[in-house]
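Protein chains in written order, with the numbering used here: chain A, 65 to 175; chain B, 4 to 116.
Structure representation (structure tokens):
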């Protein structure tokens, strides 16, 4: 079983739609969670960082962590064509430890 | 404040040659991570370093691969005697402290011919 599971998509939505991206994980020790956006042939760009459970909002982006269900989500409101990219979730648990990444979800926002 | 800088952006090596990939972390960051990404695959952890120390190298192949982060200068990922299977994008990330946000560079795309 992989540490982090993420539906690869592809996901295609019309401009203005609300997008929901999700990851599940198996290790209950994970404490901090990140979402990255990666455009083709570019490096991952950090969108959101959360520690432990709860919600965090930044502009059109909302990150949710449900540790009881081992489930995290990223919501994108009023999606734009420029949001078209691959979205990666990542998580870790403690000092000196690596981040574990999902395989990424490919999103296309159609004008 | 410049972000994480990686060079070269593209590197072509013949089988059997050495590849040296460089990563300069963000200013003030002393934690560096190296990841490898293959097409259609996620980022795979290779090694985590702090200044002059390797903290976790559990993702590094046992042979041909090595990494360092000296007191002065960039972190270096070195691949000796490259093979075609080493062709991938190699990304470096840095963070200010443990368990804080990690910021990635634009990567080095290694092609072994």
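Yeah, the Cβ is synthetic: ideal placement off N, Cα and C, and Gly gets one too.
The structure displayed is predicted, hence computed values, not measured ones.
Look at the beta carbons and you see the segment 19–32 of chain B touching the segment 82–92 of chain B: at least three pairs across the two are nearer than 8 Å. Contact between the segment 57–75 of chain B and the segment 65–78 of chain A is absent: fewer than 3 CB-CB pairs across the two stretches fall below 8 Å. Contact check for residue 113 of chain B against residue 52 of chain B fails: the beta carbons are separated by 8 Å or more.
Residues 99 of the same chain have their beta carbon placed closer than 8 Å to that of residue 31 of chain B, with the five preceding and five following residues left out of the count. One Cα belongs to residue 150 of chain A, the other to residue 67 of chain B, and the distance between them is close to 31 Å. Using a CB distance below 7 Å, the part of the segment 38–61 of chain B facing chain A consists of 44, 45, 46, 48, 51, 58 and 59, ordered along the chain. For residue 93 of chain A, the number of other beta carbons within 10 angstroms of its own is below 16, and it is reported as exposed. Taking C-beta atoms as the reference points, residue 62 of chain B and residue 162 of chain A count as a pair closer than 8 Å. Linking residue 59 of chain B to residue 50 of chain B through their CA atoms gives a straight-line distance of about 6 Å. For residue 131 of chain A, no CB of chain B lies under 8 Å from its own CB, so it is not counted at the interface with that chain.
The C-beta of residue 172 of chain A comes no closer than 8 Å to any C-beta of chain B. At least one C-beta of chain B is nearer than 8 Å to the C-beta of residue 162 of chain A.
Contact of residue 85 of chain A with chain B is not assigned, every C-beta pair being separated by 8 Å or more.
Among the residues facing chain A, residue 36 of chain B is included, as its CB has a counterpart in that chain under 8 Å away. Boundaries of the beta strand (DSSP E) harbouring residue 136 of chain A: 135–140, taken from the DSSP string. Nearest to residue 55 of chain B by C-alpha distance, out of B/45, B/70 and B/44, is B/70. Within chain B, the residues 44 and 45 have their CB atoms less than 7 Å from the CB of residue 167 of chain A, given in chain order. Partner residues in the beta bridge of residue 128 of chain A, as assigned by DSSP, are A/119 and A/137.
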